[in-house]
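Colleague:
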DNA sequence: GACGTCATTGTGAGCGCTAACAATCCATGA
DNA sequence: TCATGGATTGTTAGCGCTCACAATGACGTC
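Protein chains in written order, with UniProt numbering: chain A, 1 to 349; chain B, 1 to 349.
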């Protein structure tokens, strides 16, 4: 039974009640060997009796370890960042670390710098920055911090920042060659914002795949990831149907949703008239009209690998150079690229 | 220019370099009055020179304040929880607090208890639990913790836990009476999991609205929030078309997406044959086929209010009883309930 | 029976900061 | 001129914990 007290009990209180020294209490809590069972039991009893909890600040001060990691992210309501965040926290917790998050509306040098400051004030031992914009990665490179920083989701960045990301180039290849293999002569591309490294990498992969097949890449369209921007681009794309447009690779699923709607409203049938491929595999994609062929990014692996990498850095394990970890994406084929509609099955994550 | 050192510089180092006592350094950092400008300048110079950063653990130990709050959540990749989380972090940061998050796959007494322990080890001063399941709220009620806990998103819970949530009852009323006002004789309801307080509250609101109009509520269907479960329920609902079913109120947008698809596949037209209303207003709803009429929950306000409430508790401000804060939802009318399709406009958040 | 060895427990000194109080300086007015 | 008091700065004592080392006790060996 916990006793109500003004001051929470300290290790010394426990020690006194158990009739041992505070150091012995510390040993019991730290699972040290060389503590007699009888003593351990006495101490544990006293701990329970007082409702004692170790003071984390004192512990951190003495050990110089806070066991806290930081994450800086933006667009955390989007599926990708949210999934990554989730995996990061889960992996960190499994290693006994706490994760403090700063969610930014915009990633600029100023906001990033403030975020790192804020996390630093909180005593984090390392930070993962979910920074898909190239500008953010650049900003990070010039900001020096007293702890290690790992960049996630910034495609394959230049510079020497340790990073973890999905191989966007490969993803774009999968999407594009899938359409080519289905018999399309040309593949249009609706890209994300130019500043996003992922968007740029997907453009490169798309273009390379076409050129390797001796196909001249058609005009590139840009959106801002939102369904609305996809809708607008879709209206434009609809105008080219009948003039060679039969296949579109859209840089994310949300924009693909907008494209599908625009095409439908223009009387263009998917996939009969125009095939559409998305990117991300958000849980909804399977239920679009028609269900969307897309490229799945394994955000969970991204999260786990980035924590593993950050902990290598934090705990000072030897690493060769600035590690770059690339995760392979996967093509998921659904009805938006074939003229038949498979039934959905299985449970969504 | 920061000097590389083995040990990060301490306040004493700064004091020595500036030729003052460490206490004066502390005063400068703490923005105390009664420090001569000249002294302040000297100290600030020394701080910059050494690249000094205050040690948060030592500070926390001395002040007995960690300025860290915790959040326990589940389903953080869903729009609702993710939005709430974002608003919480932003509001907390504005007040100078750091936020540590624990994302759970399932909210049970065990996982919740472990999460609170983990956060407690991290020294949080208070916790917000995003706990939409009734069982989670109950678990929270029986778990005693050494810090204040605020529940978010659990509908209007019983018991005396401080809580913040959207008025689900009102939301369900808005949806249901909108359909009745449009001339429907009866309104079906696809609910969420029975264990979710929000789902239960929506059922109550739906049923009350019908009964007040002297309408006998039809059979209630249950899903699990996923598009897939909506799809399956939609197949069942399609079977009742022609037997009185003309309007469905679906408890979230994702399931509504599945319903729309099932209806479409069954040759049922929306909204001509069957009108559909969702709940949440996720960014994609506007681009469903057809665009979805839904009930918008202001998660941002939920986040802000919950931080304000938690800080009242943490900082010991007087509060009457166990505060219950209810936020009003809003109906957003789109094409799924009217036989015409307005163009999308404006920028999505 | 003295001694070395191992297991177990205790002691003392910080970790780097803030709070409370003490000391100093300087201008003011009697 | 000297007391008076506000502004400024310094001194000391913790905050609650872990680390390094010292002390104790039990046991077996020669």
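Using N, Cα and C, we set each Cβ at its ideal position, and we do this for glycine too.
From a predicted model like this one, the values you see are computed outputs, not experimental measurements.
Just reading off the alpha helix (DSSP H) that residue 200/B is part of, what are its end residues?
Modeller: On the second chain, residue 200/B is found 200 positions in, with the first residue counted as 1. Per DSSP, residue 200/B belongs to the alpha helix (DSSP H) from 197-212.
Colleague: Measuring CB to CB, does residue 258/B end up less than 7 Å from residue 287/A?
Modeller: Against the second chain, residue 258/B aligns to sequence position 258. Against the first chain, residue 287/A aligns to sequence position 287. Yes.
Colleague: What are the start and end residues of each continuous beta strand (DSSP E) run of 3 or more residues lying completely inside the segment 207-252 of chain B, in chain order?
Modeller: Runs found: 220-222, 247-250.
Colleague: Among 30/B, 87/B, 41/B, 80/B, which residue has its Cα nearest to the Cα of residue 59/B?
Modeller: Locating residue 59/B in the second chain gives position 59, where the first residue counts as 1. Ranking the options by Cα distance to residue 59/B, first place goes to 30/B.
Colleague: For residue 76/A, write down the residues that DSSP places opposite it in a beta bridge.
Modeller: As a first step, residue 76/A is located in the first chain; it is residue number 76 there, counting from the start. Answer is none; residue 76/A lacks a bridge partner.
Colleague: According to a CB-to-CB cut-off of less than 8 Å, which residues of the segment 79-103 of chain A neighbour chain B?
Modeller: 79, 82, 83, 85, 86, 89, 90, 93, 98, 99, 100, 101, 102, 103
Colleague: Determine the extent of the beta strand (DSSP E) in which residue 67/A is found, giving its start and end residues.
Modeller: Translated into positions along the first chain, residue 67/A becomes position 67. Here residue 67/A belongs to no beta strand (DSSP E), and DSSP marks it neither H nor E.
Colleague: Taking the beta strand (DSSP E) that residue 324/A belongs to, which residues open and close that run?
Modeller: On the first chain, residue 324/A is found 324 positions in, with the first residue counted as 1. First-last of the beta strand (DSSP E) with residue 324/A: 324-327.
Colleague: In terms of residue numbering, what span does the alpha helix (DSSP H) encompassing residue 120/A cover?
Modeller: Working through the first chain from its first residue, we reach residue 120/A at position 120. Looking at the DSSP string, the run of the alpha helix (DSSP H) that includes residue 120/A is 109-121.
Colleague: Mind the definition here: the segment 252-269 of chain A touches the segment 219-232 of chain A only if three or more C-beta pairs lie below 8 Å; say whether that holds.
Modeller: yes
Colleague: When the distance is taken between beta carbons, is residue 294/B closer than 7 Å to residue 332/B?
Modeller: Here residue 332/B corresponds to residue number 332 of the second chain, with the count starting at 1. Here residue 294/B corresponds to residue number 294 of the second chain, with the count starting at 1. Taking 7 Å as the Cβ cut-off, residue 332/B and residue 294/B qualify as a contacting pair.
Colleague: State the start and end residues of the unbroken beta strand (DSSP E) segment that holds residue 101/A.
Modeller: Locating residue 101/A in the first chain gives position 101, counting from the first residue. 98-104 is the span of the beta strand (DSSP E), which, as asked, contains residue 101/A.
Colleague: Which runs of the alpha helix (DSSP H) at least 4 residues long sit entirely within the segment 253-310 of chain A? Give them in chain order.
Modeller: 253-265
Colleague: Can residue 101/B and residue 71/B be called in contact, C-beta distance under 7 Å?
Modeller: By one-based count along the second chain, residue 101/B stands at place 101. By one-based count along the second chain, residue 71/B stands at place 71. Result yes, Cβ atoms of residue 101/B and residue 71/B sit closer than 7 Å.
Colleague: Hey, could you find the ends of the alpha helix (DSSP H) residue 353/A is sitting in?
Modeller: Because chain A here runs from 1 to 349, residue 353/A falls outside it and cannot be looked at.
Colleague: Please confirm if residue 20/A has its CB atom under 7 Å from at least one CB of chain B.
Modeller: Here residue 20/A corresponds to residue number 20 of the first chain, with the count starting at 1. False, the Cβ-Cβ gap to chain B never drops below 7 Å.
Colleague: Quick test of your reading: residue 107/A and residue 143/A, contact by CB under 8 Å. State the CB separation rounded to the nearest angstrom.
Modeller: Numbered from its first residue, the first chain carries residue 107/A at position 107. Numbered from its first residue, the first chain carries residue 143/A at position 143. That pair is no contact at about 12 Å.
Colleague: I'd like the list of long-range same chain contacts for residue 3/B, defined as Cβ closer than 6 Å, with 5 residues on each side in sequence excluded.
Modeller: As a working mapping, residue 3/B is identified with position 3 in the second chain. The pLDDT assigned to residue 3/B is 36, lower than 50, so where the model puts this residue is not dependable; a value taken from the coordinates is nonetheless given after this. Excluding residues within five positions, none has a Cβ falling inside 6 Å.
Colleague: Following the continuous alpha helix (DSSP H) through residue 184/B, name the residue where it begins and the one where it ends.
Modeller: Position 184 of the second chain, counting from 1, holds the residue named residue 184/B. Run containing residue 184/B: none; DSSP gives neither H nor E here.
Colleague: Tell me the rounded alpha-carbon separation between residue 90/B and residue 98/B.
Modeller: For the purposes of this step, residue 90/B is taken as residue 90 along the second chain, with counting starting at 1. For the purposes of this step, residue 98/B is taken as residue 98 along the second chain, with counting starting at 1. Cα-Cα distance, rounded: 10 Å.
Colleague: Give me, in chain order, the residues of the same chain whose beta-carbon lies closer than 7 Å to that of residue 39/B; leave out the 5 immediate sequence neighbours on both sides.
Modeller: Start at 1 with the first residue of the second chain, and residue 39/B comes out as number 39. Result list for residue 39/B: 20, 24, in chain order.
Colleague: Checking the sheet assignment: what are the DSSP bridge partners for residue 143/A?
Modeller: Taking the first residue of the first chain as 1, we reach residue 143/A at position 143. Beta-bridge annotation (DSSP): residue 143/A is not paired with any residue.
Colleague: Taking the alpha-carbon positions, what's the residue 180/B to residue 205/B distance?
Modeller: Counting from one through the second chain, the residue named residue 180/B turns up at place 180. Counting from one through the second chain, the residue named residue 205/B turns up at place 205. About 14 Å.
Colleague: Going by C-alpha distance, which of 217/A, 268/A, 261/A, 221/A is nearest residue 241/A?
Modeller: The sequence position of residue 241/A within the first chain is 241, counting from 1. Comparing Cα-Cα distances from residue 241/A to each of 217/A, 268/A, 261/A, 221/A, the minimum goes to 268/A.
Colleague: Under 8 Å by Cβ, that's how I've got residue 88/A and residue 303/A pegged, so tell me the actual separation to the nearest angstrom.
Modeller: By one-based count along the first chain, residue 88/A stands at place 88. By one-based count along the first chain, residue 303/A stands at place 303. Yes, they are in contact, since the Cβ atoms of residue 88/A and residue 303/A sit about 4 Å apart, within 8 Å.
Colleague: So residue 67/B and residue 96/B are supposed to be a Cβ contact under 8 Å. How far apart are they, rounded?
Modeller: Position 67 of the second chain, counted from the start, is the residue given in the question as residue 67/B. Position 96 of the second chain, counted from the start, is the residue given in the question as residue 96/B. Rounded, the Cβ-Cβ distance is 6 Å, consistent with contact.
Colleague: Quick check on the DSSP output: the beta strand (DSSP E) that includes residue 331/B runs from which residue to which?
Modeller: What you label residue 331/B is simply residue 331 of the second chain in a count that begins at 1. It spans 330-332 - the beta strand (DSSP E) in which residue 331/B sits, taken as one unbroken run.
Colleague: Going by DSSP, what residue range makes up the beta strand (DSSP E) through residue 151/A?
Modeller: Position 151 of the first chain, counting from 1, holds the residue named residue 151/A. 149-152 is the span of the beta strand (DSSP E), which, as asked, contains residue 151/A.
Colleague: Cα separation between residue 327/A and residue 308/A?
Modeller: In the first chain, residue 327/A corresponds to position 327, counting from 1. In the first chain, residue 308/A corresponds to position 308, counting from 1. Taking the straight line from one Cα to the other gives about 14 Å.
Colleague: May I ask you to list the residues that DSSP assigns as paired with residue 191/A?
Modeller: Here residue 191/A refers to the residue found at position 191 when the first chain is read from its first residue. For residue 191/A, which the question treats as bridged, DSSP gives the partners 222/A.
Colleague: Am I right that residue 57/B and residue 122/A are in contact with their C-beta atoms under 8 Å? What's the rounded C-beta distance?
Modeller: The residue you call residue 57/B lines up with position 57 of the second chain. The residue you call residue 122/A lines up with position 122 of the first chain. With a Cβ gap of about 10 Å, residue 57/B and residue 122/A do not count as contacting.
Colleague: Report all residues from its chain with a CB closer than 6 Å to the CB of residue 196/A; omit the five preceding and five following residues, and keep chain order.
Modeller: Residue numbering aside, residue 196/A sits at position 196 when the first chain is read from its first letter. Around residue 196/A: 132, 133.
Colleague: Looking at the structure shown, is residue 135/A part of a helix, part of a strand, or coil, going by DSSP?
Modeller: For the purposes of this step, residue 135/A is taken as the residue at position 135 of the first chain. In this structure, residue 135/A counts as helix in the three-state DSSP scheme.
Colleague: Across the segment 205-215 of chain A and the segment 274-286 of chain A, are there enough close Cβ pairs to call them in contact, namely three or more that are closer than 8 Å?
Modeller: The answer is no - the segment 274-286 of chain A does not touch the segment 205-215 of chain A, with fewer than three Cβ pairs under 8 Å.
Colleague: Let's test the definition: count the other Cβ atoms within 10 Å of the Cβ of residue 202/A and tell me whether it reaches 16, buried, or not, exposed.
Modeller: Looking up residue 202/A in the first chain gives position 202. Looking at its Cβ environment, which holds 16 or more other Cβ atoms inside 10 Å, residue 202/A is buried.
Colleague: Could you pull out every residue in the same chain whose Cβ sits closer than 6 Å to the Cβ of residue 319/B, ignoring the five residues on either side in sequence?
Modeller: Within the second chain, the letter at position 319 stands for residue 319/B. For residue 319/B, where only same-chain residues beyond five positions count, the Cβ hits under 6 Å are 312.
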